[in-house]
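Under the working numbering, the residue at position 164 of the sequence shown is numbered 164, and the numbers go up by one with no gaps.
We treat Cβ as the ideally placed atom computed from N, Cα and C, and that holds for glycine.
Data first, discussion second: the structure below is written as structure tokens.
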Amino acid sequence: MFDISVFASFRVNETIEFLVTETTRNTWIVMGLLLILAVVVRIKSNKWNPMDRPTGLQNVIEMCVDAWGKFFRGNSNDTVAYFAPWFFSLFAFLVISNLIGITGLRPPTADWGMTFPLALTTFFLIQYAGIRHRPKAYLKGIFLEPVFVFAPLNIMGELARPISLSFRLFGNILGGMILLSLLYGIAPIIAQFVLPVALHMYFDLASGALQAVIFTVLSLTFVGVAAES
Numbered sequence: 001m002f003d004i005s006v007f008a009s010f011r012v013n014e015t016i017e018f019l020v021t022e023t024t025r026n027t028w029i030v031m032g033l034l035l036i037l038a039v040v041v042r043i044k045s046n047k048w049n050p051m052d053r054p055t056g057l058q059n060v061i062e063m064c065v066d067a068w069g070k071f072f073r074g075n076s077n078d079t080v081a082y083f084a085p086w087f088f089s090l091f092a093f094l095v096i097s098n099l100i101g102i103t104g105l106r107p108p109t110a111d112w113g114m115t116f117p118l119a120l121t122t123f124f125l126i127q128y129a130g131i132r133h134r135p136k137a138y139l140k141g142i143f144l145e146p147v148f149v150f151a152p153l154n155i156m157g158e159l160a161r162p163i164s165l166s167f168r169l170f171g172n173i174l175g176g177m178i179l180l181s182l183l184y185g186i187a188p189i190i191a192q193f194v195l196p197v198a199l200h201m202y203f204d205l206a207s208g209a210l211q212a213v214i215f216t217v218l219s220l221t222f223v224g225v226a227a228e229s
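See below:
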């Protein structure tokens with residue numbers, strides 16, 4: 001269920017051993033791609049004149065920023081607008097992580113050790129937004145509504161959010177990867193060059209992008225609702 005494959009190991013003075021799993025390696029690859037993209041956009045943006053008509057990469061970046069602004073406002077509210085950069089980074093990371101399976105690499109999100117920390121971050125953002133913007137009402141909703149005897153159930157409901165978020169993403173990505181692996185194992189050699197194409201289009205492209213959207217939308221909704229008065 002968990003990714004325990006070892007990509008490399010390093011020894012320091014023959015006493016400390018560092019293990020780099022396949023998930024860790026592929027996560028570094030995704031982070032490297034995002035970092036390169038960010039550096040390129042940064043260098044290019046220094047040459048852009050806001051008075052000129054946008055063309056090429058500038059036009060694409062402005063369209064992406066505008067689309068993300070509409071997406072954010074449609075699933076959250078202006079109260080937590082300062083979280084927009086974080087959620088954009090999260091969405092970009094999830095999209096590339098899910099789509100990297102097309103290249104034959106194992107998606108980092110097929111490991112629960114990756115999806116749970118992301119969902120746990122959303123959990124802490126929910127608590128932060130609720131306590132910062134309406135502390136009394138938010139804490140009252142957890143401990144005193146509808147009556148105080150339901151506080152344990154409310155707390156369990158809060159703790160269940162990161163677990164459900166992480167398992168939803170992890171299960172869908174891992175399930176698609178397992179189905180494709182089984183197909184390659186049982187299909188004839190000739191069929192392996194034809195049938196998997198459609199499944200890759202679904203599990204790696206359509207489903208991968210969809211799961212990134214679902215995870216981001218749910219996170220945005222939870223944080224926005226926690227901050228609303």
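For residue 19, the three-state secondary structure derived from DSSP is strand.
For the pair residue 173 and residue 110, the CB atoms are nearer than the 8 Å cut-off. Rounded to whole angstroms, the gap between the alpha carbons of residue 209 and residue 106 is 16 Å. For residue 76 against residue 216, the beta-carbon gap comes to about 10 Å, at or over 8 Å, which does not count as contact. The criterion of a C-beta distance shorter than 8 Å is not satisfied by residue 207 and residue 171. Taking all protein chains shown into account, residue 51 has fewer than 16 neighbouring C-beta atoms within 10 Å of its C-beta and is therefore exposed.
Contact check for residue 116 and residue 162: beta-carbon distance about 7 Å, within the 8 Å limit, so the pair qualifies. Check the Cα spacing between residue 128 and each of 79, 151, 148: the tightest is with 79. Per DSSP, the continuous alpha helix (DSSP H) segment holding residue 121 begins and ends at 112-133.
Within the stretch 15-102, complete beta strand (DSSP E) segments of at least 3 residues are found at 16-21, given in chain order. Shown here, residue 208 sits in a helix according to DSSP, grouped into three states. Distance from residue 99 to residue 204 at the Cβ level is roughly 6 Å; contact confirmed, criterion being Cβ atoms closer than 8 Å. Taking residue 126 as the centre and dropping the five residues before and after it, the same chain places the C-beta of 222, 223, 226 closer than 6 Å to its C-beta, in chain order. In this structure, DSSP gives residue 158 a helical state, which the three-state scheme calls helix. Between residue 34 and residue 92, the C-beta spacing is below 8 Å.
For residue 84, the closest alpha carbon among the candidates 71, 94, 214 is that of 71.
In the three-state DSSP reduction, residue 174 falls in the helix class (H, G or I). Distance from the Cα of residue 121 is smallest, within the candidate group 138, 90, 157, for 90. If you draw a straight line from the Cα of residue 61 to the Cα of residue 180, it is about 34 Å long.
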